[in-house]
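Structure first, then comments.
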Amino acid sequence: MDNIWLVSLTIFLPTLVAIGLSFVPKGANEWVRLITLATTVVTFGLVIGCVMMPFDLDAQGIQNAFAVKWIPSFDIDYYLGIDGISLPLVVLTGFVCIVAMIASWSIKKNVKAYCMLFLILETGMLGVFMALDFFLFYVFWEVMLLPMYFLIGIWGGPRKEYAAIKFFLYTLFGSVLMLIAILMLYFASDLNVLQDQGIDLASLNIRDEVAVNVAGQLDLPVDQRTPTHTFNITALAVMGQQTDLFSTQEYWFGWSLQHWAFVLLLIGFLIKVPSVPVHTWLPDAHVEAPTPISMILAGVLLKMGGYGIIRICYPICPHAGYDFSTFVCTLGVVSMVYGAFAALAQKDFKRMVAYSSVSHMGYVVLGLGVWSATAGTMFDQQSWNMGIKGAMFQMIGHGVSSAGMFFMVGVVYDRVHHRNLNEFGGLYGKMPLYTALAMIVFFAGLGLPGLCGFIGEVFVVLSVWKYSITLAVISASVVILTAGYILWAIQRVYLGAEYKGPHEEALTPITVRELTVAVPLVVFAVYFGVNPNSVLKYMDATIDHQVQTLADWTRTTKMAELQAEADADDDAATEQVSDESGTSESSTTQDLIEASAAVATPSTEDVVVKSSYTQMAQAAVQ
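Position 329 of the sequence shown, counting from 1, maps to 329 under my numbering, and the rest follow consecutively.
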């Protein structure tokens with residue numbers, strides 16, 4: 001019971017404080033900021049103390065898990081838990097919220113409303129990474145949407161309304177597709193099937209009363225049982241891999257329910273990543289959002305898309321994951337290349353960093369899409385394992401480096417109120433400490449060895465080699481483009497003889513508050529690059545288990561299905577050849593008989609000719 005309250009407090013403490021802030025008198029802006037900052041610090045402390053410290057590095061499954069009935073009529077549970085996939089992202093969320101709140105001291109308008117929305121946003125993000133009931137996951141996903149809409153639309157730049165509406169509509173469209181997929185999977189699920197296969201429902205954190213109801217139908221004939229549907233994500237994953245509940249019935253284009261659910265979920269998550277071609281909301285949202293919200297948007301929100309793919313798409317819909325792996329990998333590579341070229345073309349400093357996020361998150365999509373455990377590679381799961389861990393590490397590394405890059409852009413924007421790359425220059429001479437920190441952060445985004453951006457990118461590129469050499473070569477070549485736009489930006493902004501833009505007198509050295517944000521980001525960018533095992537050790541057991549499970553599924557279930565399809569195609573081809581041969585023979589015989597019948601017989605000579613034709617026809621028949 002203590003676990004329920006501690007984990008719940010970790011998620012909902014920010015919202016409780018946000019409610020309390022509504023009673024703070026108007027004008028106490030400094031107190032509101034301090035209370036909000038203290039809340040983010042305490043929440044991060046709860047994440048470390050209640051979630052990270054008791055985490056068992058060797059455990060493969062869900063830890064700190066509990067399921068309490070919430071809407072029992074539809075078996076919707078308040079089901080939370082943590083594992084090696086979600087833990088690093090939960091810790092990243094807590095950390096980014098702290099530094100983003102410190103950066104929020106520059107917010108002067110409607111401070112109380114801003115802080116309340118900020119805290120509600122933190123609850124939504126933490127809930128998404130810890131919810132294991134599909135319905136609850138969707139609720140937290142939607143909770144996160146509204147605060148971000150208002151944070152962009154009220155405190156953003158000149159085109160803030162346009163950017164906020166575009167962000168809202170794109171995300172809402174993805175949410176609708178996700179909801180359709182959730183309903184498809186829910187009404188196709190049946191816990192009775194798992195019970196028949198001897199799977200322990202308690203191991204899937206199914207509530208005891210639900211398990212008792214399922215066990216009560218065990219003695220009934222199959223056609224008399226009432227299906228027991230579930231939103232339990234772990235149970236749905238077992239159904240997708242060990243039953244045919246999601247793969248028997250075919251719909252449009254011959255796709256099964258599993259294929260359609262995968263596509264709908266993938267689109268929803270790719271919008272959040274974002275990936276080409278559903279990425280266009282991101283540059284506008286980043287450019288118009290205030291600096292701290294851009295830090296959260298790039299550092300945490302984009303990671304929800306990658307988390308959804310690895311947590312939901314592949315475990316629940318493995319058939320579709322295998323069949324669409326080339327499509328997913330190609331999308332990842334296209335996003336990498338397009339984002340890099342688009343960043344090269346930008347003149348707005350912040351928009352350049354936004355397009356760099358499109359490119360860097362393409363590595364995540366590519367790493368998650370690599371399904372290298374196939375018959376052609378002798379079911380080599382090492383490369384696949386490396387790809388998923390590389391994608392996970394890329395999300396953590398990019399969360400640090402992208403938040404740092406957006407903050408560094410915000411530091412100079414707050415001073416000179418423009419982001420035109422061609423009007424910068426010479427900042428090193430005016431702001432040397434700031435420039436040194438900014439260069440480290442930008443080099444981390446570049447993927448320089450020894451910094452946090454290197455490990456994930458290299459792991460992903462190495463993992464792709466056995467899957468597709470072409471995709472591996474292209475993805476490796478993107479590093480050159482990344483170096484191009486990062487180094488060119490550094491040259492135009494920080495180097496050079498003099499500053500060429502307005503408000504030169506405002507280019508003062510970095511402040512203590514700004515250092516409080518920049519230094520931790522730089523420290524972690526270096527620390528994760530030098531000691532990547534500090535992150536990888538938390539995800540090793542969980543990802544190893546997931547890859548092993550899906551590789552075994554590929555070796556047994558998927559290969560058997562593909563072999564059956566191949567045998568059916570061979571039988572159909574053989575039957576077609578046989579039919580065509582019989583038809584051809586009959587046609588030839590009929591032609592000969594008709595030719596013999598067409599010969600007239602008025603004379604003895606004609607009779608002889610006719611007789612010879614008839615003998616030929618009979619011989620052909622024989």
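The C-beta atom is built at its ideal place from N, Cα and C for all residues, glycine as well.
For clarity, every value in this text was computed on a predicted model and none was experimentally measured.
Per DSSP, cross-strand counterpart(s) of residue i
| i | result |
| --- | --- |
| Q249 | None, per the DSSP bridge assignment. |
| I206 | Paired residue(s): none; I206 is not in a bridge. |
| D348 | N420 |
| S256 | E250 |
Start-to-end residues for the beta strand (DSSP E) that takes in residue i
| i | result |
| --- | --- |
| A391 | Looking at the DSSP string, A391 is not in any beta strand (DSSP E); the run it does join, the alpha helix (DSSP H), is Q382 to V416. |
Selection from the options that minimises the alpha carbon distance to residue i
| i | options | result |
| --- | --- | --- |
| W141 | T508, I490 and M304 | M304 |
| V222 | A202, E209 and V193 | V193 |
| F134 | I102, N232 and V68 | N232 |
| T625 | P88, A506, F349 and T243 | Residue 625 is absent from the structure shown; the chain starts at 1 and stops at 622. |
| F167 | W155, F262 and Y149 | Y149 |
| W371 | P318, L437, V412 and R513 | P318 |
| L126 | T93, W31 and G410 | T93 |
| V51 | P72, N29, W5 and L37 | W5 |
| G45 | G81, V90 and S73 | V90 |
| A38 | D284, P54, L21 and M53 | L21 |
| G156 | V32, L34, D284 and V96 | D284 |
| A59 | I102, D83 and V409 | D83 |
| L270 | I62, V328 and T554 | V328 |
| M431 | L257, L448 and M408 | M408 |
Beta-carbon proximity of residue i to residue j, cut-off 7 Å
| i | j | result |
| --- | --- | --- |
| E288 | R419 | no |
| V139 | N64 | no |
| M336 | A343 | no |
| L177 | I312 | no |
| A100 | I296 | yes |
| A18 | L119 | yes |
| L529 | A403 | Checking the sequence shown, residue 529 turns out to be Gly, not Leu. Not closer than 7 Å, so no. |
| L265 | A188 | no |
| G429 | A391 | no |
| L481 | M386 | no |
| S401 | A525 | yes |
| V517 | A103 | yes |
| R662 | W105 | The first residue shown for the chain is 1 and the last is 622, placing residue 662 beyond what the model contains. |
| G339 | V358 | yes |
| C97 | T36 | no |
Residue i in three-state terms, based on DSSP
| i | result |
| --- | --- |
| G81 | strand |
| S8 | helix |
| D284 | helix |
| N531 | coil |
| A131 | strand |
| N232 | strand |
| I76 | strand |
| L448 | coil |
| F262 | helix |
| V353 | helix |
| W553 | helix |
| L16 | helix |
| V519 | helix |
| R513 | helix |
| S359 | helix |
| E504 | helix |
| T291 | helix |
| T243 | coil |
| F187 | helix |
| N3 | helix |
| S372 | coil |
| N110 | coil |
| V176 | helix |
| H279 | coil |
| N213 | helix |
| I199 | coil |
| D219 | coil |
| Y499 | coil |
Enclosing alpha helix (DSSP H) for residue i [first to last residue]
| i | result |
| --- | --- |
| Q224 | Unbroken run through Q224: none, as it is neither H nor E. |
| K69 | Counting along the chain, K69 falls outside any alpha helix (DSSP H), though it belongs to the beta strand (DSSP E) covering Q63 to I71. |
| N29 | N29 to L46 |
| Y485 | I469 to V493 |
| V460 | C452 to V464 |
| D196 | L191 to D196 |
| C97 | L87 to A103 |
| K430 | L427 to K430 |
| M304 | L302 to G308 |
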